[in-house]
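Number of protein chains: 2
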Amino acid sequence: MIRDKFVDAIAPVGHTDEAAIGAINDILGFHIRLAHGACLRHFTETFTDLDLTQKQVSVLWLVDDHPGIAQTDLAQRLRMDRATTMAIINRLQAKHFLRRDRSDKDGRKQALHLQPPGIEMLAKAKRAIGEHEAWVKSRFTDKEVRQLIELLSRIHE
Amino acid sequence: MIRDKFVDAIAPVGHTDEAAIGAINDILGFHIRLAHGACLRHFTETFTDLDLTQKQVSVLWLVDDHPGIAQTDLAQRLRMDRATTMAIINRLQAKHFLRRDRSDKDGRKQALHLQPPGIEMLAKAKRAIGEHEAWVKSRFTDKEVRQLIELLSRIHE
DNA sequence: TCTAATTGTTAGTATTACATACAATATCGA
DNA sequence: TCGATATTGTATGTAATACTAACAATTAGA
Numbered sequence: 001m002i003r004d005k006f007v008d009a010i011a012p013v014g015h016t017d018e019a020a021i022g023a024i025n026d027i028l029g030f031h032i033r034l035a036h037g038a039c040l041r042h043f044t045e046t047f048t049d050l051d052l053t054q055k056q057v058s059v060l061w062l063v064d065d066h067p068g069i070a071q072t073d074l075a076q077r078l079r080m081d082r083a084t085t086m087a088i089i090n091r092l093q094a095k096h097f098l099r100r101d102r103s104d105k106d107g108r109k110q111a112l113h114l115q116p117p118g119i120e121m122l123a124k125a126k127r128a129i130g131e132h133e134a135w136v137k138s139r140f141t142d143k144e145v146r147q148l149i150e151l152l153s154r155i156h157e
Numbered sequence: 001m002i003r004d005k006f007v008d009a010i011a012p013v014g015h016t017d018e019a020a021i022g023a024i025n026d027i028l029g030f031h032i033r034l035a036h037g038a039c040l041r042h043f044t045e046t047f048t049d050l051d052l053t054q055k056q057v058s059v060l061w062l063v064d065d066h067p068g069i070a071q072t073d074l075a076q077r078l079r080m081d082r083a084t085t086m087a088i089i090n091r092l093q094a095k096h097f098l099r100r101d102r103s104d105k106d107g108r109k110q111a112l113h114l115q116p117p118g119i120e121m122l123a124k125a126k127r128a129i130g131e132h133e134a135w136v137k138s139r140f141t142d143k144e145v146r147q148l149i150e151l152l153s154r155i156h157e
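Order-wise, the sequence lines are chains X and A.
Numbering-wise (the UniProt record's numbering), the first sequence opens with residue 1 and increments by one.
Numbering-wise (the UniProt record's numbering), the second sequence opens with residue 1 and increments by one.
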């Protein structure tokens, strides 16, 4: 088929059809983006029934791990700004997954706590994360997983 | 400071403040997301003046490498759907970076070609990518870069 | 106390991603 | 050749980040 021939001609791996310096496949950032996209896609499929995004799960998880955490601390932990954090918290609160309590130690802060529906959902989410992680890790040995996490950590720390 | 104490308490690395099985920092997908976010943030800063996104640069690059490429092939190469590709091509066309020509081989396809402003912009973009890549790679040896690309490739291929 | 910083909030914009539907074109089987 | 099917581009609508800028309430510090 014509299309297949064409696709082969621009395939990302295998023989390079040009000697151009700095082919796009040698760009590390390009691979990070594609890998992230693949992960996000599988994550989204896995969480279709639960109707949760990566960010939302991360927030539930962290609020559970650190009851009373403030939005700013959450933002710092997940590398988001305050406005983005607001949007996520608002959605989770609308679903009654968590509640905001004015902190008595610092009147500016909101202390976040999971509510029963949020606790239930997090339990389901953790099981789904297990599936998702198994999918990602299936192509690596345990050693490679540790290696990959270590390398990635250098980028985001 | 109160805040610093709190941040330390939830720091992503270092001592774990709980023996909970499956801490969020052991999740590979979590690190991929954070690393991608850090890359995207630095990329965006680097490209502030050029006013280009990662996707837009990738599209310019691929159209330059493969003149006459069709939108579907582009989408397949970058793991996007047709609608998303449209949005990106529309923006690039509005800036006169590329043009659409109806393919004479297949009347359904649009053959994409860079226009002079796009060629100029891509040259600038490649220089900026060089800076950006240097930033990412600064924390790795050459061997580690190759290793990381190989590991990431297993995820997105 | 007065000033500056922090925190949450709201509003607006941009980009990406997806689903759906539609028209034009191409392909393949009968 | 004809008719069903698939492909491609397109338009439309929705959702979720991510960012900026501004503002009020609160706290911290000089």
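Heads up, the beta-carbon is just placed ideally off N, CA and C, and yes, glycines get one too.
Next on the checklist: Short of 6 angstroms in beta carbon distance, which residues of its chain neighbour ALA11 of chain X, apart from the five on each side in sequence? Order them along the chain.
Outcome noted: The residue labelled residue 11 of chain X in the question sits at position 11 within the first sequence. Bear in mind that the predicted position of ALA11 of chain X carries a pLDDT of just 34, short of 50, making it unreliable; the figure below should be weighed with that in mind. If you ignore the 5 residues before and after ALA11 of chain X, its C-beta comes within less than 6 angstroms of no other C-beta in its own chain.
Next on the checklist: At the level of alpha carbons, what is the spacing between ALA111 of chain X and LEU62 of chain X?
Outcome noted: Within the first sequence, the letter at position 111 stands for residue 111 of chain X. Within the first sequence, the letter at position 62 stands for residue 62 of chain X. Rounded to the nearest angstrom, the two C-alpha atoms are 13 angstroms apart.
Checklist entry - Helix or strand or just coil, what does DSSP make of ILE21 of chain A? => result Within the second sequence, numbered from 1, the residue matching residue 21 of chain A stands at position 21. For ILE21 of chain A, the predicted model reports a pLDDT of 39, less than 50, meaning its position is unreliable; a value from the coordinates is still stated below. DSSP, read as helix, strand or coil, puts ILE21 of chain A in coil.
Next on the checklist: Looking at the secondary structure, which residues open and close the beta strand (DSSP E) in which LEU114 of chain A lies?
Outcome noted: Along the second sequence, read from residue 1 onward, the residue named residue 114 of chain A stands at position 114. LEU114 of chain A -> beta strand (DSSP E) spans 110-114.
Checklist entry - What's the gap between the Cα of ALA23 of chain X and the Cα of PHE47 of chain A? => result On the first sequence, residue 23 of chain X is found 23 positions in, with the first residue counted as 1. On the second sequence, residue 47 of chain A is found 47 positions in, with the first residue counted as 1. If you take the alpha carbons of ALA23 of chain X and PHE47 of chain A, they lie about 19 angstroms apart.
Checklist entry - Name the chain X residues that come within less than 9 angstroms of LEU28 of chain A, Cβ to Cβ? => result Taking the first residue of the second sequence as position 1, residue 28 of chain A is located at position 28. Simply CYS39, GLU133, VAL136, LYS137, PHE140, VAL145, LEU148, ILE149, LEU152.
Checklist entry - HIS113 of chain X touches chain A at which residues, Cβ-Cβ below 7 angstroms? => result Counting from 1 along the first sequence, the entry for residue 113 of chain X is found at position 113. Within chain A, no residue comes near HIS113 of chain X; the closest Cβ sits about 15 angstroms away, beyond 7 angstroms.
Next on the checklist: Can you look up ASP101 of chain X in the DSSP assignment and give me helix, strand or coil?
Outcome noted: Within the first sequence, numbered from 1, the residue matching residue 101 of chain X stands at position 101. It is a strand residue.
Next on the checklist: Could you tell me the alpha carbon to alpha carbon distance between GLN115 of chain A and ILE89 of chain X, rounded to whole angstroms?
Outcome noted: Position 115 of the second sequence holds residue 115 of chain A. Position 89 of the first sequence holds residue 89 of chain X. One C-alpha to the other measures close to 44 angstroms.
Checklist entry - Looking only at its own chain, which residues have a Cβ that is under 8 angstroms from the Cβ of LEU92 of chain X, when we skip the five neighbours before and after it? => result Within the first sequence, numbered from 1, the residue matching residue 92 of chain X stands at position 92. Scanning its chain for C-beta atoms nearer than 8 angstroms, with the 5 sequence neighbours on each side dropped, one finds around LEU92 of chain X the residues GLN56, VAL59, LEU60, LEU98, GLY118, in chain order.
Item to check | At least three beta-carbon pairs within less than 8 angstroms, the stretch 30-48 of chain A to the stretch 24-44 of chain X | outcome: Touching, yes.
Checklist entry - Listed from N- to C-terminal order along the chain, which residues in the stretch 33-58 of chain X have their beta-carbon within a distance smaller than 8 angstroms of any beta-carbon of chain A? => result Correct list: ARG33, LEU34, ALA35, HIS36, GLY37, ALA38, CYS39, LEU40, ARG41, PHE43, GLN54, SER58.
Checklist entry - Of all the CB atoms in chain X, is at least one closer than 9 angstroms to the CB of ASP65 of chain A? => result One-based indexing of the second sequence puts residue 65 of chain A at position 65. Yes, ASP65 of chain A lies at the interface with chain X (some Cβ there is under 9 angstroms from its Cβ).
Checklist entry - Less than 9 angstroms separating the beta-carbons of LEU29 of chain A and ILE129 of chain X? => result For this step, residue 29 of chain A is matched to residue 29 along the second sequence. For this step, residue 129 of chain X is matched to residue 129 along the first sequence. Residue identity differs from the one stated: residue 29 of chain A is Gly in this sequence, not Leu. In this structure, GLY29 of chain A sits near ILE129 of chain X, with a CB-CB distance shorter than 9 angstroms.
Checklist entry - Among residues of its own chain, excluding the 5 on either side of LEU40 of chain A, which ones have a beta-carbon nearer than 7 angstroms to its beta-carbon? => result By one-based count along the second sequence, residue 40 of chain A stands at place 40. Annotation for LEU40 of chain A: GLN54 place their beta carbon closer than 7 angstroms to its own, counting only its chain and skipping 5 residues before and after.
Item to check | Whole-number beta carbon distance between SER103 of chain X and LYS109 of chain X, since they are thought to touch under 8 angstroms | outcome: The residue labelled residue 109 of chain X in the question sits at position 109 within the first sequence. The residue labelled residue 103 of chain X in the question sits at position 103 within the first sequence. Their Cβ separation, rounded to whole angstroms, is 4 angstroms, which keeps LYS109 of chain X and SER103 of chain X in contact under 8 angstroms.
Checklist entry - Secondary structure at ILE69 of chain X, three-state DSSP: helix, strand or coil? => result In the first sequence, residue 69 of chain X corresponds to position 69, counting from 1. Correct three-state label for ILE69 of chain X: strand.
Item to check | Contacts of SER79 of chain A in chain X (Cβ-Cβ under 8 angstroms) | outcome: On the second sequence, position 79 is the one that residue 79 of chain A refers to. Ser is not the amino acid found at residue 79 of chain A; the sequence shown has Arg there. Contact note: ARG79 of chain A reaches chain X through LEU34, GLY37, ALA38, ARG41, using a C-beta cutoff of 8 angstroms and chain order.
Next on the checklist: My assumption, with CB atoms under 8 angstroms, is that LEU151 of chain X sits in contact with GLU144 of chain A. Please give the rounded CB distance.
Outcome noted: The count along the first sequence starts at 1 and reaches residue 151 of chain X at position 151. The count along the second sequence starts at 1 and reaches residue 144 of chain A at position 144. For LEU151 of chain X against GLU144 of chain A, the beta-carbon gap comes to about 6 angstroms, under 8 angstroms, which counts as contact.
Item to check | Cβ pair LEU50 of chain A, MET121 of chain A closer than 9 angstroms | outcome: Here residue 50 of chain A is taken as the residue at index 50 of the second sequence, counted from 1. Here residue 121 of chain A is taken as the residue at index 121 of the second sequence, counted from 1. Yes, Cβ-Cβ distance for LEU50 of chain A and MET121 of chain A is below 9 angstroms.
Checklist entry - Assuming TRP135 of chain X and HIS66 of chain X make a contact with CB atoms under 8 angstroms, what is their CB distance in whole Å? => result Start at 1 with the first residue of the first sequence, and residue 135 of chain X comes out as number 135. Start at 1 with the first residue of the first sequence, and residue 66 of chain X comes out as number 66. Not really, about 28 angstroms apart at Cβ, beyond 8 angstroms.
Next on the checklist: Assuming ARG139 of chain X and ARG146 of chain A are in contact, meaning their beta carbons sit under 8 angstroms apart, how far apart are those beta carbons, in whole angstroms?
Outcome noted: Locating residue 139 of chain X in the first sequence gives position 139, counting from the first residue. Locating residue 146 of chain A in the second sequence gives position 146, counting from the first residue. The pair is not a contact, with the Cβ atoms about 17 angstroms apart (cut-off 8 angstroms).
Checklist entry - Just how far apart, CA to CA, sit ARG127 of chain A and GLY68 of chain X? => result If you number the second sequence from 1, residue 127 of chain A lands on position 127. If you number the first sequence from 1, residue 68 of chain X lands on position 68. Computed Cα separation, rounded: 46 angstroms.
Checklist entry - Pick from A:THR84, A:LEU52, A:ASP81, A:ALA70: whose alpha carbon is nearest that of ASP101 of chain A? => result Taking the second sequence and counting its residues from 1, one reaches residue 101 of chain A at position 101. Nearest C-alpha to ASP101 of chain A: A:ALA70.
Checklist entry - Where do the ends of the alpha helix (DSSP H) carrying THR44 of chain X lie? => result Here residue 44 of chain X refers to the residue found at position 44 of the first sequence. THR44 of chain X -> alpha helix (DSSP H) spans 28-46.
Item to check | For LEU52 of chain A, three-class secondary structure by DSSP | outcome: Reading the second sequence from its first residue, position 52 is the one you call residue 52 of chain A. Looking at LEU52 of chain A - three-state DSSP - the assignment turns out to be coil, as it is neither helix nor strand.
Next on the checklist: Give me the chain X residues within the contact set of HIS156 of chain A, using Cβ-Cβ distance strictly less than 8 angstroms, ordered along the chain.
Outcome noted: Residue mapping note: residue 156 of chain A aligns to position 156 of the second sequence, counting from 1. HIS31, LEU34, ALA35, GLY37, ALA38, listed in chain order.
Next on the checklist: Any beta carbon from chain X within less than 9 angstroms of ILE129 of chain A's own beta carbon?
Outcome noted: As a first step, residue 129 of chain A is located in the second sequence; it is residue number 129 there, counting from the start. ILE129 of chain A counts as touching chain X.
Checklist entry - Between THR72 of chain A and THR85 of chain A, is the Cβ-Cβ spacing less than 9 angstroms? => result As a working note, residue 72 of chain A is residue 72 in the second sequence. As a working note, residue 85 of chain A is residue 85 in the second sequence. Between THR72 of chain A and THR85 of chain A, the C-beta gap is smaller than 9 angstroms, which places the two residues in contact.
Item to check | Three-way DSSP call (helix, strand, coil) for GLU157 of chain X in this model | outcome: Here residue 157 of chain X refers to the residue found at position 157 of the first sequence. It is coil, neither helix nor strand.
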